[in-house]
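Sequential numbering from 161 applies to the sequence shown in our numbering. Where is the CB? At the ideal position from N, CA and C, for every residue including glycine.
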Amino acid sequence: MTPLADILARRIAKTGPMSLMDFMAECLLHPDHGYYTTRDPLGAAGDFTTAPEISQMFGELLGLALAQSWMDQGCPAPVTLAEIGPGRGTLMADVLRATKAVPNMHAAMQLHLIEASPTLKAAQRDRLAGYDVTWIADARALPDQPLWLLANEFFDALPIRQFTRDPHGWRETQVALNGATLAFGLSNPAPITLLDHRLSDTKVGDVVEICPAAAPITHEIATRIATYGGAAIIVDYGDWHSFGDTFQALEAHNMVDPLARPGQADLTAHVDFEALARAATDAGASVSRMLTQGEVLGRLGIGQRAQRLAENLDAAALETHIKAFERLTSDAEMGTLFKTIAIAPTRSRLPPGFDT
Ligand code: SAH
Numbered sequence: 161m162t163p164l165a166d167i168l169a170r171r172i173a174k175t176g177p178m179s180l181m182d183f184m185a186e187c188l189l190h191p192d193h194g195y196y197t198t199r200d201p202l203g204a205a206g207d208f209t210t211a212p213e214i215s216q217m218f219g220e221l222l223g224l225a226l227a228q229s230w231m232d233q234g235c236p237a238p239v240t241l242a243e244i245g246p247g248r249g250t251l252m253a254d255v256l257r258a259t260k261a262v263p264n265m266h267a268a269m270q271l272h273l274i275e276a277s278p279t280l281k282a283a284q285r286d287r288l289a290g291y292d293v294t295w296i297a298d299a300r301a302l303p304d305q306p307l308w309l310l311a312n313e314f315f316d317a318l319p320i321r322q323f324t325r326d327p328h329g330w331r332e333t334q335v336a337l338n339g340a341t342l343a344f345g346l347s348n349p350a351p352i353t354l355l356d357h358r359l360s361d362t363k364v365g366d367v368v369e370i371c372p373a374a375a376p377i378t379h380e381i382a383t384r385i386a387t388y389g390g391a392a393i394i395v396d397y398g399d400w401h402s403f404g405d406t407f408q409a410l411e412a413h414n415m416v417d418p419l420a421r422p423g424q425a426d427l428t429a430h431v432d433f434e435a436l437a438r439a440a441t442d443a444g445a446s447v448s449r450m451l452t453q454g455e456v457l458g459r460l461g462i463g464q465r466a467q468r469l470a471e472n473l474d475a476a477a478l479e480t481h482i483k484a485f486e487r488l489t490s491d492a493e494m495g496t497l498f499k500t501i502a503i504a505p506t507r508s509r510l511p512p513g514f515d516t
């Protein structure tokens, strides 16, 4: 048993089953034993890898898209350049390198990173040494000024509630005890108003998920963009509409039982892009249609960029580079599993790649 499994089992024994959402929140961000609080989970030696860790091209192309959007809006200053859930700081480092030559851009941008993990904050501080960075714990602390923001694999790490439809309402997935061991259970059925809009497209036995934190965070971001200008690009795995059980645990790049080692495995769920888009529209911003990662990287010129980088590589590095290109773009890998939307003010163009 992990120390966190012990803590949670004692709590459940005392106060009853906990929702999957509370379980996920404790596993990811418990101050002493949480997955993100205690480690850097990224990369080959870790539990999972992400697009910016696979290739510098990802951050370069997104950075240039943000730069073009900033220029389209008349190069305002001062503005916020932010990332939410910045991991090791690799994406932001690539963005900053790629945009260094854009006249006046760095002088206009005040860097803000929204990060909950002290361990990853330290990694970001190392990676972005030399830049003036402000760390904040919450999107609500973003300055009231134009905002250009990136989020890659952030929303999938937010705790979800999961429900199974029943003839008498919805039953929520819970974590309970079976003897001394953690086990999944379902609450008694109850009507859930938050899911009224899913009654028409589900039947008894179907599973749906909601991520209560996602819409308020998107609303904070989109309100600033709608009011002051800016743009956001959100990339994650998921789909337009949440459907089915997508809760999963990864350890050392393998799927594992999410209850086996709480705090030791990465827990995620697919992102419901419709919920993000609705929150942004409610805030008065416009939202692109949802595109695949492969489509957007293609439109931003990843083919040409990949060729250009390939010119200077020896055989071994070239092989890695080609693999990375395929991993980011191909339908069999991240190319279609990962989706993306952009948010912009209704009066402005969407960032390049998203504007059709
Ligand atoms: N964007 C990075 C890392 C993705 S991992 C990349 O693409 O490589 C998820 C990131 O979100 C980590 O930095 C994690 O610590 C952070 N995170 C998770 N939950 C968070 C929360 N509630 N608030 C702020 N950051 C959070």
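Report task. Evaluate the contact criterion for the region 408-418 versus the region 192-212: three or more CB pairs, one atom per stretch, below 8 Å. Result -> yes
Query raised in the report: Secondary structure at S360, three-state DSSP: helix, strand or coil?
Result: coil
**Report entry** Check whether I377 and L222 have beta carbons under 8 Å apart
**Finding:** no
Query raised in the report: Where DSSP assigns a beta bridge to T162, which residues make up the other side?
Result: Per DSSP, none; premise fails for T162.
Query - Whole-Å CB distance - D200 paired with L280, under 8 Å assumed - result: 6 Å
Query raised in the report: Does the beta-carbon distance from G454 to H430 come in below 8 Å?
Result: No, they are not a contact pair.
Report task. Please classify G463: is it buried, with 16 or more other beta-carbons within 10 angstroms of its beta-carbon, or exposed? Result -> By the C-beta density criterion, G463 is exposed, having fewer than 16 other C-beta atoms within 10 angstroms.
Query - Nearest residue (CA-CA) to R321, options I244, S360, L346 - result: L346
Requested in this report: Run the CB neighbour count on K499, radius 10 Å, all protein chains shown included, and call it buried at 16 or more, exposed below.
Outcome: Answer is buried; the Cβ neighbour count reaches 16.
Query raised in the report: Within 10 angstroms of its Cβ, does R171 collect 16 or more other Cβ (buried), or is it exposed?
Result: exposed
Query raised in the report: Measuring CB to CB, does P238 end up less than 8 Å from A268?
Result: yes
Query raised in the report: Hey, quick one: how far does the alpha helix (DSSP H) through G458 stretch, first residue to last?
Result: 453-459
Report task. Determine the burial state of D426: buried for a count of at least 16 other Cβ atoms within 10 Å of its Cβ, exposed for fewer. Result -> buried
**Report entry** DSSP state of F183 mapped onto helix, strand, coil
**Finding:** helix
Query raised in the report: What did DSSP end up calling Q233 once you bin it into helix, strand or coil?
Result: In the three-state DSSP reduction, Q233 falls in the coil class, being neither helix nor strand.
Query raised in the report: According to the Cβ coordinates, are L164 and V335 closer than 8 Å?
Result: With contacts defined as CB atoms closer than 8 Å, L164 and V335 fail to qualify as a contacting pair.
Report task. Consult DSSP for A297 and reduce its assignment to one of helix, strand or coil. Result -> In the three-state scheme derived from DSSP, where H, G and I count as helix and E and B as strand, A297 is classed as coil.
Query - C-alpha gap between V255 and P212, whole angstroms - result: 10 Å
Requested in this report: State yes or no: is the C-beta of R287 within less than 8 Å of the C-beta of A253?
Outcome: yes
Query - Cutoff 8 Å: V255 Cβ touching any chain D Cβ - result: Absent here is chain D; the protein component of the structure consists of one chain.
Query raised in the report: From H190 to A283, what distance separates their C-alpha atoms?
Result: Answer to the nearest angstrom: the Cα atoms are 19 Å apart.
**Report entry** Beta carbon of A435 nearer than 8 Å to that of I503
**Finding:** The Cβ atoms of A435 and I503 do not sit closer than 8 Å to each other.
Report task. Taking L309 and I381 to be in contact with their CB atoms under 8 Å, please state how far apart those CB atoms are, rounded to whole angstroms. Result -> 6 Å
Query raised in the report: CB-CB under 7 Å to L337, same chain, minus the five flanking residues each way: which ones, in chain order?
Result: A169, I172, A173, A343
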